[in-house]
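Written out below as structure tokens is the structure these notes cover.
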Amino acid sequence: MVDIATKKIPGCSLILVSGGAHEFVCGEKSHLQSEEIYMKLKELAQESTFAGYFPSELLFEAG
11 MVDIATKKIP
21 GCSLILVSGG
31 AHEFVCGEKS
41 HLQSEEIYMK
51 LKELAQESTF
61 AGYFPSELLF
71 EAG
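Residue 19 in this note's numbering sits at position 9 of the sequence shown, with consecutive numbering throughout.
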């Protein structure tokens, strides 16, 4: 059997705010404030859990 390397294309979302398009790519780390963004996402996930929300799926990369 031959192993063939494949590369998965990351998922993304696109929103329009005030006439400007903003794209969000799963696991993206090139943004200048990515560390702060991921810290805020983690904080929001904890707050929603404390409020009684338990997701059925993982919404962002854990770790």
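We treat Cβ as the ideally placed atom computed from N, Cα and C, and that holds for glycine.
Given a cut-off of 9 Å on the beta-carbon distance, is the pair residue i and residue j in contact?
i	j	result
PHE34	LEU24	yes
GLU45	PRO20	no
Could you pull out every residue in the same chain whose Cβ sits closer than 8 Å to the Cβ of residue i, ignoring the five residues on either side in sequence?
i	result
HIS32	LEU24, ILE25, LEU26
ILE7	What is shown of the chain runs 11 to 73, which leaves residue 7 out entirely.
Leaving out five residues before and five after residue i in sequence, what residues of the same chain have Cβ atoms less than 7 Å from its Cβ?
i	result
CYS22	GLU33, PHE34, VAL35, CYS36
*Let me know the beta strand (DSSP E) ranges lying completely inside the region 37 to 64, each 3 residues or longer, listed in chain order.*
none
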